[in-house]
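Beneath this line is the structure, given in structure tokens, with notes to follow.
In mature numbering (1 follows the signal peptide of the UniProt record, and there is no 0), the protein residues as written are -27 to -1, 1 to 73.
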């Protein structure tokens, strides 16, 4: 009985660990432009030059600003401000997000 109980506890702990690890996701956002090398601001915070990949925590509408400047700081292209709604995939909507 003691071996059987320890086996059940071990299997239960393994299943619990697997279930907890399944909920870990890395959300990333990649921004590219033509021509490349434009400065990218996400919600008015500089994240780098295109092409750039960054992570985020929450889905929703994000403000993305692109601008390309020369060595003296003059704008080479018109500044683009885009409000983009980042929608969650189906497995990130309640109640499925508890399991995937």
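For every residue, glycine included, the Cβ atom is placed at its ideal position computed from N, Cα and C.
This one's a predicted model, so the numbers in the text were calculated from it and none came from an experiment.
For residue i, three-class secondary structure by DSSP
i, result
"residue -19", "helix"
"residue 67", "coil"
"residue -25", "helix"
"residue 19", "strand"
"residue -2", "coil"
"residue -12", "helix"
Residues bridged to residue i (per DSSP)
i, result
"residue 59", "33"
"residue 39", "13, 53"
Cβ-based burial, residue i [other Cβ within 10 Å; buried from 16]
i, result
"residue 4", "buried"
"residue 13", "buried"
"residue 11", "buried"
Alpha-carbon to alpha-carbon, residue j and residue i
i, j, result
"residue 62", "residue -15", "29 angstroms"
"residue 67", "residue 42", "43 angstroms"
"residue -3", "residue -21", "30 angstroms"
"residue 17", "residue 56", "12 angstroms"
Say whether the stretch 22 to 29 touches the stretch 42 to 49, bearing in mind that this needs 3 or more beta-carbon pairs closer than 8 angstroms, one atom from each stretch. no
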